[in-house]
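J.:
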């Protein structure tokens with residue numbers, strides 16, 4: 001049975017927070033162990049905690065030190081090549097949202113034009129109050145629809 005979605009917010013109760021930390025720390029260490037085994041990679045974890053005087057280091061302090069040293073020996077370009085921080089993540093999400101909003105805006109505009117065109121063809125409205133650029137786009141849309149109809153007829 002799956003767990004329900006939890007709210008990601010500060011746990012006010014100290015005992016609950018400490019218990020949650022211990023469980024999650026154990027889980028993240030297990031996940032890193034699985035990742036290293038399955039993907040044949042070398043990785044390390046250093047977890048500083050207010051509950052323990054010494055940081056938790058996985059796999060061992062010596063191994064972690066070697067991995068970090070090898071990483072620092074890489075050229076700076078390679079070190080930052082796949083760097084992903086909160087700022088770059090937020091920028092990426094904003095750009096994706098803008099592209100999606102633009103796409104939806106184009107779809108809405110085309111849908112509005114189709115509705116307007118169908119209403120004009122049915123005699124329910126006129127083009128008197130419609131801007132010229134909108135009428136031009138409706139003409140292009142009508143031409144595209146005619147090409148689609150002709151292509152469909154040729155298929156039959």
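Numbering (UniProt numbering), first residue to last: 1 to 156. Even glycine gets a Cβ: it sits at the ideal position worked out from N, Cα and C.
Can you grab the Cα-Cα spacing for the pair residue 6 / residue 28, in whole Å?
T.: So the alpha carbons of these two residues sit roughly 17 Å apart.
J.: In the DSSP assignment, the alpha helix (DSSP H) including residue 57 goes from what residue to what residue?
T.: Residue 57 -> not in any alpha helix (DSSP H); beta strand (DSSP E) instead, spanning 56 to 58.
J.: Should residue 113 go down as buried or exposed, given a rule of 16 or more other Cβ atoms within 10 Å for buried?
T.: Buried, because 16 or more other Cβ atoms sit within 10 Å of the Cβ of residue 113.
J.: Just curious, the beta strand (DSSP E) that residue 47 is in, first and last residue?
T.: Where residue 47 is concerned, the enclosing beta strand (DSSP E) stretches over 45 to 47.
J.: Which of the three DSSP states is assigned to residue 75 in this structure?
T.: Looking at residue 75 - three-state DSSP - the assignment turns out to be coil, as it is neither helix nor strand.
J.: Can you tell me whether DSSP reads residue 156 as helix, strand or coil?
T.: In this structure, residue 156 counts as coil in the three-state DSSP scheme.
J.: Once you ignore the five residues that flank residue 32 on each side, which residues in its own chain have a CB closer than 7 Å to its CB?
T.: If we look at residue 32 and ignore the five residues flanking it on each side, its Cβ neighbours are 43, 45 and 58.
J.: Inspect the CB distances between the stretch 68 to 85 and the stretch 47 to 54 and report whether three or more fall short of 8 Å.
T.: No, the stretch 68 to 85 is not in contact with the stretch 47 to 54.
J.: Cutting at 8 Å between CB atoms, please list the residues of its own chain near residue 41, excluding the five before and the five after it.
T.: So the list reads 35, once near-sequence residues are dropped.
J.: Check residue 115 in the structure and name its three-state DSSP category.
T.: Correct three-state label for residue 115: helix.
J.: Can you list, in chain order, the residues of its chain with a C-beta nearer than 8 Å to that of residue 136? Leave out the 5 residues immediately preceding and following it.
T.: Contacts found: none.
J.: Identify the continuous alpha helix (DSSP H) that holds residue 29 and give its terminal residues.
T.: Counting along the chain, the alpha helix (DSSP H) containing residue 29 begins and ends at 14 to 39.
J.: Inspect the beta-carbon positions of residue 117 and residue 83 and report whether they are closer than 9 Å.
T.: Going by C-beta atoms, residue 117 is not nearer than 9 Å to residue 83.
J.: DSSP three-state call for residue 129: helix, strand or coil?
T.: It is coil, neither helix nor strand.
J.: Classify residue 153: buried if its beta carbon has 16 or more other beta carbons within 10 angstroms, exposed otherwise.
T.: Burial call: exposed.
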